[in-house]
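When the sequence shown is numbered by the numbering used here, its final residue is 299 and no position is left out of the sequence of numbers.
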Amino acid sequence: MAKRVKRVKETKRVSRSTGGTFLLFFILIFFAVLMALPMVLAISNSLKPLSELWEFPPKLFPRSPTLKNFADMFNIMSDSLIPFARYIFNTLFITGVGTAGNIILSSMCAFPLAKKKFPGKDAIFSIIVTSLMFNGTVTAIPNYIVMSTLGWIDTYWSIIVPAFASTLGLYLMKQFMEQSVPSTLLEAARIDGASQWLIFWKIVMPCVKPAWLTQLLLSVQALWNLGSSTFIFSDEKKTLAYALGQIVSGGVARAGVGAAVSVFMMVVPISIFAFSQSNIVDTMSTSGMKD
Numbered sequence: 009m010a011k012r013v014k015r016v017k018e019t020k021r022v023s024r025s026t027g028g029t030f031l032l033f034f035i036l037i038f039f040a041v042l043m044a045l046p047m048v049l050a051i052s053n054s055l056k057p058l059s060e061l062w063e064f065p066p067k068l069f070p071r072s073p074t075l076k077n078f079a080d081m082f083n084i085m086s087d088s089l090i091p092f093a094r095y096i097f098n099t100l101f102i103t104g105v106g107t108a109g110n111i112i113l114s115s116m117c118a119f120p121l122a123k124k125k126f127p128g129k130d131a132i133f134s135i136i137v138t139s140l141m142f143n144g145t146v147t148a149i150p151n152y153i154v155m156s157t158l159g160w161i162d163t164y165w166s167i168i169v170p171a172f173a174s175t176l177g178l179y180l181m182k183q184f185m186e187q188s189v190p191s192t193l194l195e196a197a198r199i200d201g202a203s204q205w206l207i208f209w210k211i212v213m214p215c216v217k218p219a220w221l222t223q224l225l226l227s228v229q230a231l232w233n234l235g236s237s238t239f240i241f242s243d244e245k246k247t248l249a250y251a252l253g254q255i256v257s258g259g260v261a262r263a264g265v266g267a268a269v270s271v272f273m274m275v276v277p278i279s280i281f282a283f284s285q286s287n288i289v290d291t292m293s294t295s296g297m298k299d
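This is the structure in structure tokens:
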């Protein structure tokens with residue numbers, strides 16, 4: 009037995025060539041640089057004076073870096089009829105409430121789909137999977153009719169409530185619960201007298217932390233970058249992305265400010281991704297597995 013194990017180890021050692029390792033390392037570095045290049049370019053452009061932005065051939069890094077573009081961005085927003093703080097509040101409120109509601113509602117719906125047996129369970133999940141194929145443009149008119157009937161047009165709830173019902177988060181949560189939450193653990197908790205509500209909050213939710221962190225990133229990214237909405241008409245209720253988008257539309261003279269806007273808007277999603285990237289990889293690798 010010891011000889012067989014030694015032979016297997018020797019076989020593995022021989023099959024892993026130094027050239028193959030260096031090639032794999034080179035490929036990973038190449039694609040890492042390729043994916044980081046847009047972010048580096050955006051940051052670089054935001055630090056360039058206007059004269060360097062239109063140079064040909066373009067330079068990757070600024071020769072005379074400046075923060076004037078960011079200063080101009082805040083100066084323009086301070087002269088707006090709507091206070092800059094109002095746009096920030098709108099964005100934080102919509103993003104925070106919409107994301108929290110999405111995570112809680114998706115988790116509560118995914119729990120019975122993943123760990124309970126009831127008639128119609130497979131049919132419900134099939135409808136959820138089918139809904140993933142529909143783009144938001146397709147459902148825009150039905151959504152508007154529903155919001156108008158409820159009297160939610162030109163209110164925060166016309167954006168927040170539809171965000172609660174994101175089926176992608178429900179799908180990821182259900183698949184992750186099936187693979188990561190042992191049924192024996194839930195059964196032991198029931199035998200010890202734990203209620204369904206206690207089992208959900210104290211056992212299931214900690215076990216699916218990678219899934220809801222992934223859902224957190226996806227929801228924040230969608231709501232944070234939400235610009236002018238067809239449901240909100242009042243400027244005092246619109247988001248930061250809409251206000252900064254008006255700056256970008258100023259033309260060539262505001263190209264530097266537009267680059268600063270791009271960097272300003274990407275800070276929050278990238279920060280959340282950097283915080284939860286390992287959990288996101290774990291969720292994506294698990295959600296498609298089958299027993």
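Glycine is no exception: its CB is placed at the ideal position from the N, C-alpha and C atoms. Predicted model, so just to flag it, every value in this text is computed and none were measured.
Residue i and residue j closer than 8 Å at C-beta
i, j, result
"isoleucine 102", "isoleucine 167", "yes"
"cysteine 117", "leucine 178", "yes"
"leucine 89", "threonine 74", "no"
"alanine 122", "methionine 185", "yes"
"valine 189", "valine 169", "no"
"leucine 49", "leucine 61", "no"
"alanine 251", "tyrosine 152", "no"
"phenylalanine 119", "phenylalanine 208", "yes"
is_contact[residue i, chain C] using C-beta, thresh 8 Å
i, result
"proline 150", "No chain C appears in this structure, which consists of one protein chain only."
Inter-residue CB distance, residue i and residue j (contact presumed, cutoff 8 Å)
i, j, result
"alanine 171", "leucine 231", "6 Å"
"threonine 175", "isoleucine 136", "5 Å"
"methionine 181", "valine 228", "That pair is no contact at about 16 Å."
"aspartate 80", "valine 265", "5 Å"
"threonine 238", "alanine 148", "7 Å"
"asparagine 98", "threonine 192", "Actually they do not touch by this definition, with Cβ atoms about 46 Å apart."
"tyrosine 164", "lysine 245", "7 Å"
Cα-Cα separation between residue i and residue j, rounded to whole angstroms
i, j, result
"glutamine 223", "isoleucine 278", "14 Å"
"proline 57", "isoleucine 255", "17 Å"
"valine 276", "tryptophan 220", "17 Å"
"asparagine 233", "isoleucine 112", "22 Å"
"asparagine 110", "methionine 43", "29 Å"
"threonine 26", "leucine 226", "39 Å"
"lysine 124", "isoleucine 51", "49 Å"
"methionine 274", "serine 257", "18 Å"
"methionine 297", "phenylalanine 133", "Its pLDDT being 46, under 50, methionine 297 is placed unreliably in this model, and the value from its coordinates should be taken loosely. The straight-line gap from Cα to Cα measures roughly 16 Å."
"leucine 158", "phenylalanine 241", "17 Å"
"proline 66", "glycine 144", "37 Å"
"phenylalanine 78", "serine 72", "15 Å"
"valine 16", "phenylalanine 33", "Interpretation of valine 16 is limited by its pLDDT of 46, a score under 50 that renders its predicted location unreliable; the figure taken from the coordinates is listed afterwards. Rounded to the nearest angstrom, the two C-alpha atoms are 25 Å apart."
"valine 271", "methionine 155", "33 Å"
(message) If we require 4 or more residues per run, which alpha helix (DSSP H) segments fall completely within the region 230-267?
(response) 248-256
(request) Starting from the N-terminal side, write out each stretch of the beta strand (DSSP E) that is 3 residues or longer and does not extend beyond the region 107-152. (result) none
(request) Ignoring anything shorter than 4 residues or poking outside the region 184-221, list the alpha helix (DSSP H) runs there in chain order. (result) 191-199 and 204-207
(request) Let me know the beta strand (DSSP E) ranges lying completely inside the region 67-113, each 3 residues or longer, listed in chain order. (result) none
(request) Enumerate, from N- to C-terminal direction, the unbroken alpha helix (DSSP H) stretches of 4 or more residues contained entirely within the region 25-59. (result) 26-54
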